[in-house]
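Below is one structure, written out as structure tokens, with a few remarks after it.
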Amino acid sequence: MGNCFSGDDQGKFAVGATSSSATANGPNDAVDNFFISRDRDRLFSQIELSLSATNLRDRDVLSKSDPMAVVYIKGNDGSLQELGRTEVVLNSLNPQWITKIKVTYCFETVQTLLFHVYDVDTQFQGPEGKTLKLDDQQYLGECTCKLSQIVTGSKHSWSADLVTIADSTESTRAKKLGRLTVHAEEQLVSKTTAELTFKCTDLENKDFFSKSDCFLVISKSLETGATIPICRTEVLKNNLNPVWKPVFLNLSQVGDKDKPLIIECFNFNSNGKHDLLGKSQKSLAELEMLCSSKQGENLFLPINIGKDHKSKVLKSQLFVQNYSESVHHTFVDYLGGCEMNFMVAIDFTASNGNPRLPDSLHYFDHSGRLNEYQKAIQEVGNVLQFYDYDKQFPAWGFGGRPIDGPVSHCFNLNGSHEKNPTVSGIDGIMAAYRQALSNVSLAGPTLFGPVITSAATVASQSVAANEDKYFVLLIITDGVITDHQETIDAIVMAADLPLSILIVGVGGADFKEMEMLDADKGEKLHNSTGRVASRDIVQFVPFRDVQGTDISVVQSLLAELPSQFLTYMRKNGIEPKPKLPIP
């Protein structure tokens, strides 16, 4: 995790509202609904929760548990809303999670939190922890408290034993399964981010048949003397003089440039017992001076002799090769000055089944129950429509045969043979989709390249016209693509444009190959000539993976959109513009 800065996290979840809660007639809608939904007139503070645990139960046979924590808030009706999940810590019964859980603290409200801890099965480990089915993981225990207990606790911390109730009608005796500690800090708002490149020299070799596998952990100290990790670098294998990828520390994470940070260097061990190779304590201001001096700082190891706490200075040194500060604007900063245009492409291949039959993925139920295509259009569209000021949405179909024509892999859903694929509003997409099923024969194969190229053309024309727009293409499909390389080529090209691609897989197909398009779940994409995509623009979610979970398809799809948006803006040096006038 070389990139640790939290600026993008502030925009990790798309801001919007459902159609029932908005009056959509101008560019203020998204911002207005954002503030309305957060009761801007009430007294509240944004709180960041840091979690750690000790003495967890070991559920793995050949190693230790791989714990992840999930935090819920209980509603007035007793329902649970998931606030967030930590990362998975490998082989540890005493995890200190780095991922923070954000919650809005309201003084006048009793807010009940529930903490669940799971051992994540090896086959499910990966960056997509938010989509894990918790029923597939081993439950380690839980505890509950009021948010007010944490913020009023000693040093804003609270601890409790993890418990579970025996699954028996004869006994409800609670079992102790370890202890969870939660620390609360008010989230400071800072757009200033420090970028640092760390280097170490002459590290101790802890491995017998190779050199140490080194990584850094950066933590901040609490008033209690305890530390909270805020950043971790990647592991550099077989290297005693490592230079890590730049890390990004937002001043909100650090609190103060003069506040000491603890920088620890470890040798990675797969059993979770990492060897401490040395540590240093420096504030951001001191690290900046260390960079300017081009000098190294000797690491030290703490030594406890009886009641004496001493340290041994090592020959190993820590260098800061680069230090810079910059202002990183948030997703909300761009709202109102940049329009976000919604586009959709629908799969018309024969594998969807005869639309007239109830087992078809394109079947329209007379009871009004939506099929998965309609659900995806409505759920995603209802969020993004507030960012598209004219609400004229390009809509295409692919893999079908329009009346009196050959199979087309990119045809206008509105039936027009002109170069205008737009329809009006989400209702317009739904109506055009239904009408197209009467006029288009399902065919095949499944090709993404043409629709991605069409969307990229629209985005490219907008850039040429110097328009302040960002485009979001939603592709809904039931099968695996057959133009794999052509699709990758189109994605690599589109990555340089203001465009993100959301893909929803419907039905029961095996979508493993589709996940390769999402850089979160596989290697970076290379086109036919070997060129690497400049950024990740694809988010793929199988519809069935989020059914029956606490995460909706729209949350899974849109979770990364703000960070993809910000990456494009920052790569191209685009600053937020003044709010656009109402059209």
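In terms of this note's numbering, the sequence shown is numbered consecutively and its last residue is 563.
Quick reminder that beta carbons are idealized off the backbone N, C-alpha and C, glycines included.
Since the structure is predicted, the reported quantities are computational estimates derived from the model, not experimental observations.
Assigned exposure category for residue i - 16 Cβ within 10 Å defines buried
| i | result |
| --- | --- |
| I357 | buried |
| N230 | buried |
| N35 | exposed |
| G361 | buried |
| S396 | exposed |
| F451 | buried |
| D313 | buried |
| N302 | exposed |
| D490 | exposed |
| A444 | exposed |
| Q465 | exposed |
| V387 | buried |
Under 8 angstroms between C-beta atoms of residue i and residue j
| i | j | result |
| --- | --- | --- |
| L341 | Y353 | yes |
| V460 | M494 | yes |
| L417 | P338 | no |
| G429 | D458 | no |
| Q26 | K82 | yes |
| D99 | P47 | yes |
| L196 | C245 | yes |
| K191 | N185 | yes |
| F520 | V486 | no |
| D193 | N218 | yes |
| S263 | L298 | no |
| S296 | T181 | yes |
| F228 | E175 | yes |
| V51 | L114 | no |
| L454 | L477 | no |
| E359 | V534 | yes |
| L281 | L220 | no |
| N278 | L294 | yes |
Inter-residue spacing [alpha-carbon to alpha-carbon] between residue i and residue j
| i | j | result |
| --- | --- | --- |
| L216 | D498 | 24 angstroms |
| G(-4) | F366 | Confidence is the limiting factor: at G(-4) the pLDDT is only 29, short of 50, which leaves the residue's position unreliable, though a coordinate-based value still follows. One C-alpha to the other measures close to 7 angstroms. |
| L241 | C318 | 38 angstroms |
| S304 | V234 | 15 angstroms |
| G447 | A436 | In the sequence as displayed, the identity of residue 447 is Glu instead of Gly. Spanning the two alpha carbons is a distance of roughly 15 angstroms. |
| A412 | G133 | 57 angstroms |
| K557 | T310 | 13 angstroms |
| K399 | M496 | 32 angstroms |
| A325 | R511 | 26 angstroms |
| T79 | M410 | 39 angstroms |
| D407 | S347 | 18 angstroms |
| N247 | D38 | 23 angstroms |
| L127 | S59 | 17 angstroms |
| L42 | S480 | 42 angstroms |
| E150 | L63 | Residue placement at E150 is flagged as unreliable, the pLDDT there being 37, under the threshold of 50; a coordinate-derived value is accordingly withheld. |
| S440 | L120 | 51 angstroms |
| E503 | R212 | 21 angstroms |
| K355 | L537 | 13 angstroms |
| V162 | E266 | 30 angstroms |
| I53 | V97 | 15 angstroms |
| N5 | Q167 | Residue confidence for N5 is low, a pLDDT of 34 falling below 50, so the modelled location carries little weight; the figure read from the coordinates is stated next. Taking the straight line from one Cα to the other gives about 33 angstroms. |
| K171 | T84 | 20 angstroms |
Own chain partners of residue i with C-beta closer than 7 angstroms, once the 5 adjacent residues on each side are dropped
| i | result |
| --- | --- |
| D19 | Unreliable positioning characterises D19 in this predicted model, as indicated by a pLDDT of 39, which lies under 50. The coordinate reading is nonetheless provided below. So the list is empty, once near-sequence residues are dropped. |
| S434 | W376, C390 |
| G55 | Q61 |
| L422 | F328, T329, A330, N332, G380 |
| L70 | D46, G252 |
| P374 | M323, P401, T402, V438 |
| P75 | S32, A33, P47, V69 |
| R414 | F344 |
Counterpart residues of residue i in DSSP-defined beta bridges
| i | result |
| --- | --- |
| F95 | V51, C123 |
| V300 | F178 |
| S199 | P209, I242 |
| L454 | V324, L482 |
| R381 | S421 |
| C390 | None; C390 has no bridge partner. |
| S25 | Y85 |
| E319 | K449 |
| D141 | R159 |
Any non-hydrogen atom of the ligand MG within 7 angstroms of residue i CB
| i | result |
| --- | --- |
| Q167 | As far as ligands go, the structure on display features none, and thus does not contain the ligand MG. |
8 angstroms CB neighbourhood of residue i in its chain, flanking five on each side removed
| i | result |
| --- | --- |
| R515 | A475, Q544, T547, Y548, K551 |
| R159 | A33, T34, N35, S139, A140, D141, L142 |
| S345 | Note that residue 345 corresponds to Asp in the displayed sequence, not to Ser. Closer than 8 angstroms at the Cβ level, and outside the excluded window around D345, lie P338, N351. |
| G405 | Q365, K371, F373 |
Spatial neighbours of residue i in its chain, beta-carbon cut-off 6 angstroms, leaving aside the 5 residues before and after
| i | result |
| --- | --- |
| Q118 | R39, D99 |
| G424 | T329, A330, G379 |
| T177 | P226, Q301, N302 |
is_contact[residue i, chain D] using C-beta, thresh 8 angstroms
| i | result |
| --- | --- |
| D525 | Note that chain D does not occur in the displayed structure, where there is just one protein chain. |
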